[in-house]
Amino acid sequence: MADSIKPQQISGIQDVKVPEKLSNNLPTLYCFETCPFCFKVKALLGSRGIEYSKIEVDPMSHKELKWSDWTKVPVYIDIDGTQVNDSNFILHYIDENGDSEFSRQGLDSEQDKWMDFSNLILGKSIVAVIYSSYFTSLKALDYVTKVDKFSFTSRLVNKWLGAFIMRMVGRSRAKMFDAKPRENLLFQLDHMSTGFEGDFFGGNRPNGADFANYGILRSMQGLHGFDILKNHNLVHPWYIRMQKLSGI
Ligand SMILES: N[C@@H](CCC(=O)N[C@@H](CS)C(=O)NCC(=O)O)C(=O)O
Numbered sequence: 048m049a050d051s052i053k054p055q056q057i058s059g060i061q062d063v064k065v066p067e068k069l070s071n072n073l074p075t076l077y078c079f080e081t082c083p084f085c086f087k088v089k090a091l092l093g094s095r096g097i098e099y100s101k102i103e104v105d106p107m108s109h110k111e112l113k114w115s116d117w118t119k120v121p122v123y124i125d126i127d128g129t130q131v132n133d134s135n136f137i138l139h140y141i142d143e144n145g146d147s148e149f150s151r152q153g154l155d156s157e158q159d160k161w162m163d164f165s166n167l168i169l170g171k172s173i174v175a176v177i178y179s180s181y182f183t184s185l186k187a188l189d190y191v192t193k194v195d196k197f198s199f200t201s202r203l204v205n206k207w208l209g210a211f212i213m214r215m216v217g218r219s220r221a222k223m224f225d226a227k228p229r230e231n232l233l234f235q236l237d238h239m240s241t242g243f244e245g246d247f248f249g250g251n252r253p254n255g256a257d258f259a260n261y262g263i264l265r266s267m268q269g270l271h272g273f274d275i276l277k278n279h280n281l282v283h284p285w286y287i288r289m290q291k292l293s294g295i
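Each residue of the sequence shown is one higher than the last, beginning at 48 in our numbering.
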């Protein structure tokens, strides 16, 4: 398809409202169970006590999002049908339309820097560790076999082919860094902890950088490499604080 007629994939708040895409008449999150970017949004919704519905998207076919030009997860649909794409935009949207505890994008360079870090560095660093072998990839994709609404075939394809694809992705992410995946993750956690301003990036209260980075790391819980976080003397206590606050 020529670029000019390709549907545009646009981050942030969309012009067209899609109230018909809500589930159970609640704010609705289109997500994958283990997606790091989706955990960011789940953590913020949890900490704010916002009731919402989840729609589990098939990681191979994405058929639940065929109606949208943006087919990555997370996609958030607010109660009035407002569609917001892309995790950091969703965090800002939910905060701005709720308790408004974060600085808006562009007004706090530290928060912006660490929110970018969550996607550009931390997200890629954990993928290199989680998917560092076919075996660890299979473990990470085991969840698809437990998603009731997926057919038997789609569970099998998602798990076995998905693990193969993610192993390839893990390998390409690993190439982005000079150090080996586990050493790199430790290095990135050390670096991340320099951004804490007391209990949180946000000082006494978490800001967008806290939710962005917590979500990424939360997706590793129980998977290969989580021990690196558990043994980190600054990041682990912060992680526990975020876990208590978000309830996830
Ligand atoms: N910048 C996006 C990245 C989202 C993303 O890459 N999500 C992955 C799942 S973890 C996805 O949907 N991948 C499928 C695809 O790229 O088509 C965000 O922060 O929300």
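Don't be surprised by glycine CBs; every beta carbon is placed ideally from N, CA and C.
Here the C-alpha atom of N135 lies approximately 7 Å from the C-alpha atom of M162. Between S94 and L292, the gap from beta carbon to beta carbon is short of 7 Å. In the three-state reduction of the DSSP assignment, N251 falls in the coil class, being assigned neither a helical nor a strand state.
Assignment of V88 by DSSP, reduced to helix, strand and coil, places it in the helix class. With a 10 Å radius around the Cβ and a threshold of 16 neighbouring Cβ atoms, H139 comes out buried. Here H279 is buried. Its C-beta has 16 or more other C-beta atoms within 10 Å. Residue range 134-143 is occupied by the alpha helix (DSSP H) that includes N135. Pairwise C-beta distances place the region 209-222 in contact with the region 170-187, as three or more of them are shorter than 8 Å.
Relative to ligand 1, F84 has its C-beta within less than 6 Å of a heavy atom.
Around D246, the same chain offers W285, R288 as residues with beta carbons nearer than 8 Å, after the five sequence neighbours per side are excluded. Exclusion of D155 from the 6 Å shell around ligand 1 follows from its C-beta lying no nearer than that to any non-hydrogen atom of the ligand. Taking 7 Å as the cut-off, the Cβ atoms of E98 and L73 count as close. Around the Cβ of T183, a 10 Å sphere holds 16 or more other Cβ atoms; the residue is buried.
Ligand 1 has no heavy atom closer than 6 Å to the beta-carbon of D105. Look at V122: its beta carbon is at least 6 Å from all of the heavy atoms in ligand 1.
The Cβ atoms of F79 and V120 sit closer than 7 Å to each other. For S70, the beta-bridge partners assigned by DSSP are L73. Between L188 and K206, the C-beta gap is smaller than 7 Å, which places the two residues in contact. If you keep only unbroken alpha helix (DSSP H) runs of at least 4 residues inside the region 172-206, you get 181-187, 199-203.
Apart from the 5 residues on each side of it in sequence, H271 sits with its Cβ closer than 7 Å to the Cβ of V176, I177, S179, T183, K186 in its chain, given in chain order.
Around the beta carbon of N260, 16 or more other beta carbons sit within 10 angstroms, so the residue counts as buried. Counting along the chain, no beta strand (DSSP E) covers Y99, and no H or E run does either. In this structure E143 touches R151 by the C-beta definition: roughly 7 Å separates them, less than 8 Å. Closest option to I141, judged by alpha-carbon separation, among D195, L169, I60: I60.
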